[in-house]
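In the UniProt record's numbering, the protein residues as written are 1 to 236.
Backbone N, C-alpha and C fix where the C-beta goes; we use that ideal spot for every residue, glycine too.
Since we're looking at a predicted model, the values are computed, not measured.
First up is the structure itself, then whatever we jot down about it.
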Amino acid sequence: MMDVRMIPEFDGSSLAAAEWLRKVESACRLCGIKDVVRVIGLRLTGAAFDVYDQMASEDQGDLKKVQERLLAAFAPDSFVAFEEFTMRRLRDGETADAFLAGLRRLALLAGGMPDKVLASAFVRGLPEHIQEALRAGAPMESLTLDEGLTRARAMLAKGPSDSIRRDGDLPIVAASNGTVPALPRSNTSWRCYACGGPNHLARDCMTRRRGSYAPSRPVEEENEDEDAGLVIIQQE
Numbered sequence: 001m002m003d004v005r006m007i008p009e010f011d012g013s014s015l016a017a018a019e020w021l022r023k024v025e026s027a028c029r030l031c032g033i034k035d036v037v038r039v040i041g042l043r044l045t046g047a048a049f050d051v052y053d054q055m056a057s058e059d060q061g062d063l064k065k066v067q068e069r070l071l072a073a074f075a076p077d078s079f080v081a082f083e084e085f086t087m088r089r090l091r092d093g094e095t096a097d098a099f100l101a102g103l104r105r106l107a108l109l110a111g112g113m114p115d116k117v118l119a120s121a122f123v124r125g126l127p128e129h130i131q132e133a134l135r136a137g138a139p140m141e142s143l144t145l146d147e148g149l150t151r152a153r154a155m156l157a158k159g160p161s162d163s164i165r166r167d168g169d170l171p172i173v174a175a176s177n178g179t180v181p182a183l184p185r186s187n188t189s190w191r192c193y194a195c196g197g198p199n200h201l202a203r204d205c206m207t208r209r210r211g212s213y214a215p216s217r218p219v220e221e222e223n224e225d226e227d228a229g230l231v232i233i234q235q236e
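Laid out in structure tokens, this is it:
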């Protein structure tokens, strides 16, 4: 036996009518209660009870008529529901399943949508990097709603993609397109300590071999490497 107090009361404003009716049906089904319409009548209050109370006695015992009457009185306008459907996006902390359930509810209130339209709205409402991954994995024309949900669920569980570039990181695509970031130019030049000429070692110095070398001029911040016959000059 189910305690009907487990089901929240409905006054027409505390909860969406369609969502509340689904909760009542689910609770009754799980508890094995078949007289759903009676449970609905017991949990109505405020304006919602007034609407129910104005129905004919025979209609109050008809589940379909009670549902239709409550939805007509408290469900959002179909045009408003459709506008919300087209603008709906995944919210912070929302799961893929909860997002799809919200889209289904709005689609139902708007008069119903085919699964193909629902799938397109689902993908469009996901973060941009997940949209791109879904489109890259399979043509959108062949992507079913269940496939899109499964893949989106997995990608959202992983968190933001590691491939997204962050400030300070080198572009990951640099190696893939055959380009390598250029190394910064060094301010160091090489001079022969024998003749002072640039870009060669003393052992290869032609002036030294002719026996007519002399340091051309003093240089600042020199470091001699006598084994290599090399002077390193730090240029400012």
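Less than 8 angstroms separating the beta-carbons of residue i and residue j?
i	j	result
R69	V80	no
L126	L71	no
A121	F85	yes
A110	L134	no
I7	R29	no
L21	Q67	yes
M55	C31	no
A17	A75	yes
V37	L63	yes
How big is the Cα-Cα spacing for residue i and residue j?
i	j	result
G12	R88	23 angstroms
E128	R104	21 angstroms
K23	L100	17 angstroms
S57	G41	12 angstroms
S78	E19	15 angstroms
R5	G61	20 angstroms
A136	L143	11 angstroms
L149	I130	11 angstroms
D92	V117	23 angstroms
A157	A27	29 angstroms
E147	A154	11 angstroms
K34	E132	46 angstroms
F49	M140	46 angstroms
V123	T95	13 angstroms
E25	K65	15 angstroms
L108	D53	26 angstroms
G196	D204	13 angstroms
Please look up how many angstroms separate the CB atoms of residue i and residue j, rounded, as I've assumed it's under 8 angstroms.
i	j	result
L145	D97	L145 to D97, Cβ: 12 angstroms. No contact.
F82	T45	In fact, because the Cβ distance is near 30 angstroms, the residues do not count as touching under 8 angstroms.
Pick helix, strand or coil for residue i, following the three-state DSSP scheme.
i	result
L106	helix
L21	helix
residue 269	Since the first residue shown for the chain is 1 and the last is 236, residue 269 is missing from the structure and cannot be characterised.
Quick one: is the Cβ of residue i within less than 7 angstroms of any heavy atom of the ligand SAH?
i	result
F85	This structure does not include the ligand SAH; it has no bound ligands of any sort.
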